[in-house]
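Remarks on the structure that follows.
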Amino acid sequence: MRPILVAALVIALASTGAFAVTFDGRSIPTDFAGSLKATQANPTSFGDTWGNGAGSELDQLYVAAGTRNGLSGLYVAITGNLEPKTSPPANAYVILIEAAPGGSNVLTPKPGDPNVPDAVAYLNGTTLDVGFNPTCAITFNNWANTVYVDAVDLIWNQGRYLGSRPVNGGGGMLQYALGSEFAFNNTNTVGVTSNETKTPEQNAADAATAGTGMEAFFCWADLGVNPWEAPSSVKVMVLLDSKTGYMSNQTLPGMGGGQANPGFAGGPPGGPGSMVNYQNIGGNQFVTVDISTPIAGTPVLEGAAIPTDFAGHLVATQDNHTGFGDRTGDEGSELDQLFATQTSTGLDIGITGNLENGGNFWLVFLELGPGGSQVLQVPDGVGPMSGVLQAMRGTRFNNGFAPTHVLCMNIYDGSLHVDLTDLKNGVNRYVGHAPVNGGSGNLADGDNPNGILVAFDNTNHLGVTGESASGAATATTGAEIHLTWADLGGMACGVKAMALLTGNLGFISNQALAPFDVETPSFGNPPADFSGQTTNQFVSIPITLPPYTPSTLDEVRIAPEGSQVTFTNVWVSATFAEEGKYYVQADGSPLAIAVYDPVTSPGEGAKVTVDGFVTRVGGARAVAACQTTVVEPPGTKSVKPYAMSSKAVGGTGSAGVAGLTDGAGAPNLGTLVCVCGRVTYGDPYEMYYYLDDGAGLKDGTTHLDFYLNEVPNVGIKVVGPHGLFGGEFVRAVGIASKYTTLDSENRPVEHAMIQLRKYEDSQTITEP
19 MRPILVAALV IALASTGAFA VTFDGRSIPT DFAGSLKATQ ANPTSFGDTW
69 GNGAGSELDQ LYVAAGTRNG LSGLYVAITG NLEPKTSPPA NAYVILIEAA
119 PGGSNVLTPK PGDPNVPDAV AYLNGTTLDV GFNPTCAITF NNWANTVYVD
169 AVDLIWNQGR YLGSRPVNGG GGMLQYALGS EFAFNNTNTV GVTSNETKTP
219 EQNAADAATA GTGMEAFFCW ADLGVNPWEA PSSVKVMVLL DSKTGYMSNQ
269 TLPGMGGGQA NPGFAGGPPG GPGSMVNYQN IGGNQFVTVD ISTPIAGTPV
319 LEGAAIPTDF AGHLVATQDN HTGFGDRTGD EGSELDQLFA TQTSTGLDIG
369 ITGNLENGGN FWLVFLELGP GGSQVLQVPD GVGPMSGVLQ AMRGTRFNNG
419 FAPTHVLCMN IYDGSLHVDL TDLKNGVNRY VGHAPVNGGS GNLADGDNPN
469 GILVAFDNTN HLGVTGESAS GAATATTGAE IHLTWADLGG MACGVKAMAL
519 LTGNLGFISN QALAPFDVET PSFGNPPADF SGQTTNQFVS IPITLPPYTP
569 STLDEVRIAP EGSQVTFTNV WVSATFAEEG KYYVQADGSP LAIAVYDPVT
619 SPGEGAKVTV DGFVTRVGGA RAVAACQTTV VEPPGTKSVK PYAMSSKAVG
669 GTGSAGVAGL TDGAGAPNLG TLVCVCGRVT YGDPYEMYYY LDDGAGLKDG
719 TTHLDFYLNE VPNVGIKVVG PHGLFGGEFV RAVGIASKYT TLDSENRPVE
769 HAMIQLRKYE DSQTITEP
């Protein structure tokens, strides 16, 4: 048997960046030199922050094309600050991007559109400058020192929550994105002010003093762009508003000095469409950026030193005072910018912002492959000791985001404490602690065998203020994080990330990266539902992949998690497009495995070649496909099921191949099987029935008979569409699967199950 090797990763990925991140939580603009795209020219009308208090502003904007973790995309950095909120409404950054044809000069998303955050939805009817027709929007806000990030497709008016990042927590992946990374350092206290008497030149000079804020990498896929058809130039505009649609005078490029807040986009909330027309304001509030020359190297994503990190890529500077308030105070939590990139050993994440010393959390949710859940499910005793994750049970993330891991960071008594929770398997590790502002990412007194690094500089007092937006890009400090692939269960085709700011008992702020809809207030006590946001709070991080290792299906079934494999000429036995998966089976053999591919859904009977990573879903090995190639079309071959008794379905685990805990025979989860027997219970309105072939299996569940008596269910459970009532003799064909119930002592018990592919898989036959 050929060994499946992943050692080539180091060689294949070592060239993804020209410089390394210094993990100290500082100088984020330096780490991202050359990628600054816009700077705020207006003061913030959402409050300035002098220290860690209120205030929001946009100071400078940086934009550059580049690659990160093997994915191509757009680096965006914004200096400034965003007021942290724990009660509504929350302020938000909205980044409008024209990266392809098909956009509109008038914003058409509206409240009620799928997953579109309010910060974008309430901009309905806003008229943009002539020549600017954005195709997508990225928005984030700062709720309880967590930024929540959403993406909105402005052509179809559909949002997608990308993830969240803790403010000042360094960079990281957005949990539900396809490869985007984000960092927000909210310590900026310089930049533009709320002084209305300053000239545009004076405001611009103020804006240039800000060095911290948001640093992010958005892969093309998260921006709705085919990476193979990436543009050579983009048009970008950044604006600051609230969840209610109240628009500040902070845009990048700026409006010029002396401009007041435009106010509600549609008049008061519930008003008839937007009254804001940027064509009535002098100059253009968008910038055209030539991205044909990518940024040099890989920026250090830490939310600090943004001007240095993005040197040569500044595209806009604020020239207006902030109408959303200058920053004041020494307390508070926020998420400013999120940066993320791939390295040869894992992910580097930078987040600019700050985190109040007292128990608030920056939670960085990550999705690496299948197996996660859109609704947060955390067993008792898993995660930080405060119970923050248990308190958040039931919280629903954006559609398209099902995190598999969460990095938990909080500050208590001057020390940063870090936990890493595996949400797929319900396992937590306390990684360690480090002194805040200590200048090092080394963590002590924890379980950290692979060398996770987290440095946190919590000195941010910069960013936009309540009086000026000149400091929007001044935040340069926060968190810088290195997560190894080994700690994340292996490499993945792409990574989605979300940063979220919460209280230590799960009180959910309006701070996420990507941000929540503009003017989204704090969600308050959990659970919360982010799926209704008009933009996504997760970002996608593209991953550059090493060469695949040619493998047989037998080798794939026992390969270590994270192994990158390719296997050819296997037949599709079942397709479940709504679940983003299909099953392949070897020719003339019961060897089979599930393949998760949200993009390609080949029909039954197709011959395919699969490139991807070995993962584990529901305790069974599976493949997260980076690419499925259809070699022969569906229907080319009829994959024959393997007849067996109900007791043999699933089998027992062997040689690393998953089966049932108390199964019998060879493991066959994922195999197309056939079982014949009598239907003991069936209801056409329910998507399952029980089939007994004489084995008399029982799973401890019951149903009501005609007299409303509880009757035990007997037989193997068959799931899928059917028209059976009970008593029929049936031939059931489907995928050997399993499910879990709890016994009288609340212990999990595994049972075999058949998953039907279609209605016709249940055929009534003559009883022998």
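Residue numbers for the sequence shown follow the numbering used here, so the first one is 19 and each next one is one higher.
Backbone N, C-alpha and C define an ideal beta-carbon position, used for all residues, glycine too.
Bridge partner(s) assigned by DSSP for residue i
i    : result
V445 : D440
D136 : Paired residue(s): none; D136 is not in a bridge.
V81  : V94
M265 : D259, G281
W161 : K103, T164
V736 : Y707, I772
Y614 : K599, A642
C511 : Per DSSP, none; premise fails for C511.
D308 : S251
Y496 : Looking at the sequence itself, residue 496 is Gly, so the reference to Tyr does not match. Beta-bridge pairing links G496 to T370.
Y179 : D168
P568 : T584
Y430 : S433
K128 : According to DSSP, which records beta bridges pairwise, K128 is partnered with nothing at all.
A517 : V382, L531
G190 : F200
G744 : In the DSSP output, where bridge partners are listed per residue, G744 has none listed.
G242 : Looking at the DSSP assignment, G242 forms no beta bridge with any residue, so it has no partner.
W589 : Q603, K625
R86  : L89
Rounded C-alpha distance that separates residue i from residue j
i    : j    : result
V449 : S266 : 41 Å
G681 : G714 : 15 Å
A155 : L571 : 42 Å
D153 : I753 : Residue identity check: residue 153 is Thr in the sequence provided, not Asp. Taking the straight line from one Cα to the other gives about 41 Å.
E75  : Q220 : 15 Å
T483 : N186 : Its pLDDT being 35, under 50, T483 is placed unreliably in this model, and the value from its coordinates should be taken loosely. Rounded to the nearest angstrom, the two C-alpha atoms are 17 Å apart.
D505 : E622 : 36 Å
L192 : L441 : 15 Å
F525 : N159 : 16 Å
Y296 : D147 : 6 Å
T230 : N203 : 6 Å
G444 : L79  : 40 Å
G606 : L774 : 21 Å
V767 : F304 : 59 Å
T361 : P565 : 16 Å
E579 : L407 : 26 Å
Contact belief for residue i with residue j at Cβ below 8 Å, rounded distance in angstroms
i    : j    : result
D535 : P135 : 2 Å
N151 : P127 : Incorrect: roughly 14 Å between the Cβ atoms, too far for contact.
T370 : N87  : Wrong, their Cβ atoms sit about 20 Å apart, outside the cutoff.
A610 : Y601 : 6 Å
V112 : A137 : 6 Å
Collapsed DSSP secondary structure at residue i in the structure displayed
i    : result
K665 : helix
W174 : coil
Y777 : helix
N298 : helix
T857 : No statement about residue 857 is possible, as the shown extent of the chain runs from 19 to 786 and does not include it.
F659 : The sequence given here has Pro at residue 659, not Phe. If DSSP states are grouped into helix, strand and coil, P659 belongs with coil.
D475 : coil
L531 : strand
T207 : coil
P325 : helix
D398 : coil
Bounding residues of the beta strand (DSSP E) (the contiguous stretch that carries residue i)
i    : result
E385 : 379-386
D354 : 352-360
A222 : Not the beta strand (DSSP E): A222 falls in the alpha helix (DSSP H), residues 218-225.
E116 : 109-116
A234 : 231-237
V148 : From DSSP, V148 is part of no beta strand (DSSP E); its letter is neither H nor E.
F548 : Looking at the DSSP string, F548 is not in any beta strand (DSSP E), and its letter there is neither H nor E.
S558 : 557-560
T719 : 716-722
Residue i, enclosing alpha helix (DSSP H) - first and last residue
i    : result
E573 : 571-576
V693 : Taken as a continuous stretch (DSSP letters only), V693 belongs to no alpha helix (DSSP H), being part of the beta strand (DSSP E) at 690-700.
A754 : No alpha helix (DSSP H) holds A754; the beta strand (DSSP E) holding it covers 747-760.
Q408 : 406-409
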